[in-house]
Amino acid sequence: MKILVLGSGGREHAIIRALAQSPRVTKIYAAPGNGGIAQLAECVDIEATDIEKVRDFAVANAIDFAVPAGDPPLVAGAVDALESAGIPCFGPNKAAAQIEGSKVFSKDLMRKYNIPTAGYEVFDDAKKALEYLETCAIPTVIKADGLALGKGVIIAQTRDEARAAVREIMLEQKFGASGNRIVVEEFLTGPEVSVLSFTDGKTVVPMMSSMDHKRALDGDEGLNTGGMGVIAPNPFYDADVAKWCEANIFTPTIEAMAAEGCPFKGCLYFGLMLTPNGPRVIEYNCRFGDPEAQVVLPLLDSDLLEIFEAVQQERLAELNIAWKDEHACCVIMASGGYPEKYSTGHAITFGDAGHAFVYHAGTKCKGEELVTAGGRVLGITATGSSLQQAIDQAYAAVDIISFSGAFYRTDIGKKALEF
Ligand code: AMP
Ligand code: GLY
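Numbering-wise, our numbering puts 237 at position 255 of the sequence shown, and it's gapless, one number per residue.
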């Protein structure tokens, strides 16, 4: 089978590496891919969000199955365009992708169907939002309604910070039209868990849990990023919590989406916080997490293509999906300055990565050389029979990889080890 994967990050590299292990896959294309993906797939120079070009390429090259991996193409309707051209896809259509594409849609869905989440108010008028901030509880959380590259969430510790956030998002349009509406949300506390799931709109199968490390610096200090490292499984998410979440969050969400006329097919990502009052949904994503995919997929002990096809054909209930009884750790090596300004084009030197695998996030080939091409550059992943072993092997590989200005957290998995 000929497969087309849309996207260019570490998540796409992880999906492609897992698909490449399927005996039925004969050829993988990536649009646009990156320097590491190029070792497993043919990279074509088409942006994932250029949906017409993607569809024309898929038709011209007789693609059998497509995987739009990131939120921008999914929210823009890549699945609708490809499937109407006769190409089956793994992923939600445009209507279902709203669960990530609009915070207001997802919060209203949870309210309507009693799915536990933080209390909230919606504003499309900056003046009303600013009035509300005069009396609401502090800290508070302000979220742009639309996609904002993972940066549209501001935790305001003071009333002044909250006011500034509303001005930036709504009046200065820091995230463009994504900020025409905002959600102001109750501030919650507790450990966070990422649970990705496979769902065909009727059945939901949670994958192994994981723990992202979103802040830029050790000790969860510094700015929010797309994720600086991740471990799986997440020790805070035990069997009792899992059972509770399945009954009160996962199944109700799948049923709610179907009841709303937009059944969700693909990978639904539940971002959860285990608060003193029980688990709450912090966010939904309509796709695999990045870097969560880089630890969860290496632990999958089933054929990913078989799962993708079962989801697309709505027969997920027939499958038995198996997981390895192992742990995984992924450490992100980022460009100095990320998530703010950083420079690219620096040569990357690799040594022998030993027991680790290097997922590429922001790299490209420049002649014979591999150079940095993004904020998050590499995701160094190792698996092991214990979390400690996975962490040690990942960091051993980090030590022998270098590029100018490289930075990474040194404490990925520390909180999980201390649990
Ligand atoms: P999101 O982009 O929605 O995942 O938010 C980014 C991060 O902000 C989350 O991973 C949390 O750490 C934090 N966050 C989001 N919503 C809340 C909330 N209601 N209370 C506390 N922290 C939050
Ligand atoms: N790692 C968080 C995300 O993919 O949204």
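Glycine is no exception: its CB is placed at the ideal position from the N, C-alpha and C atoms.
As the structure is a computational prediction, the values presented were derived from the model and not from experiment.
If you measure from the CB of residue 196, is any heavy atom of ligand 1 nearer than 7 Å? yes
At least three beta-carbon pairs within less than 8 Å, the region 58 to 69 to the region 253 to 269: no
Answer yes or no: does any C-beta atom of chain D fall closer than 8 Å to that of residue 202? Looking for chain D here will not work: only one protein chain is present.
With a threshold of 7 Å (Cβ to nearest heavy atom), would residue 410 be considered close to ligand 1? Residue 410 cannot be examined here, being either before or after the span of the chain that is shown, -17 to 401.
Are the region -11 to 8 and the region 263 to 280 touching by the rule of at least three beta carbon pairs closer than 8 Å? yes
Quick one: does the C-beta of residue 352 sit closer than 7 Å to a heavy atom of ligand 1? no
Roughly how many angstroms separate the alpha carbons of residue 43 and residue 398, rounded to a whole number? 45 Å
Does the Cβ-Cβ distance between residue 279 and residue 182 come in under 8 Å? no
Helix or strand or just coil, what does DSSP make of residue 258? coil
Start-end ranges of the alpha helix (DSSP H) lying completely within the region 197 to 254, minimum 4 residues: 221 to 227 and 233 to 241
Around the Cβ of residue -10, are there at least 16 other Cβ atoms within 10 angstroms (buried) or fewer (exposed)? buried
Is the closest heavy atom of ligand 2 to the C-beta of residue 208 under 7 Å? yes
So for residue 84, helix, strand or coil by DSSP? coil
Residue 136 bridges to which residues according to DSSP? 124
Identified DSSP bridge partners for residue 384: 331
Over what stretch of residues does the beta strand (DSSP E) that includes residue 178 continue unbroken? 174 to 181
Which two residues bound the contiguous beta strand (DSSP E) that contains residue 340? 339 to 342
From residue 102 to residue 382, what does the alpha carbon distance come to, in whole angstroms? 46 Å
Nearest-angstrom beta carbon gap, residue 165 and residue 89 [assumed within contact, 8 Å]: 6 Å
In the DSSP assignment, find the unbroken alpha helix (DSSP H) run with residue 402 in it and report its ends. As displayed, the chain neither begins before -17 nor continues past 401, which places residue 402 out of reach and without an answer.
Considering only their Cβ atoms, is the gap separating residue 364 from residue 372 smaller than 8 Å? yes
Is the beta carbon of residue 264 within less than 7 Å of some heavy atom of ligand 1? yes
So if DSSP puts residue 14 in a beta bridge, which residue, or which two residues, is it bridged to? -11
Evaluate residue 448 with the Cβ neighbour count: other Cβ atoms within 10 Å of its Cβ, from every protein chain shown; 16 or more gives buried, anything less gives exposed. One cannot answer for residue 448 here, as it falls past the ends of the chain, which runs -17 to 401.
From residue 26 to residue 46, what does the alpha carbon distance come to, in whole angstroms? 17 Å
Length of the line joining the Cα atoms of residue 416 and residue 320: This structure does not reach residue 416, given that the chain is present from -17 up to 401, and the question cannot be answered.
Alpha carbon of residue 215 to alpha carbon of residue 18, nearest angstrom: 26 Å
Report all residues from its chain with a CB closer than 7 Å to the CB of residue 246; omit the five preceding and five following residues, and keep chain order. 74, 78, 81, 181, 183, 236 and 239
Do residue 15 and residue 269 have their beta-carbon atoms positioned less than 8 Å apart in this structure? no
Rounded to whole angstroms, what is the Cα-Cα separation between residue 160 and residue 208? 18 Å
DSSP three-state assignment for residue 26, whether helix, strand or coil: coil
Taking 7 Å as the cut-off, does the CB of residue 143 come closer than this to any heavy atom belonging to ligand 1? no
Does the distance between the C-beta of residue 203 and the nearest non-hydrogen atom of ligand 1 fall short of 7 Å? no
Cβ-Cβ separation, residue 288 to residue 301 (assumed contact under 8 Å), whole Å: 7 Å
Quick one: is residue 127 buried, meaning 16 or more other Cβ sit within 10 Å of its Cβ, or exposed? buried
Residue 164 bridges to which residues according to DSSP? 105 and 126
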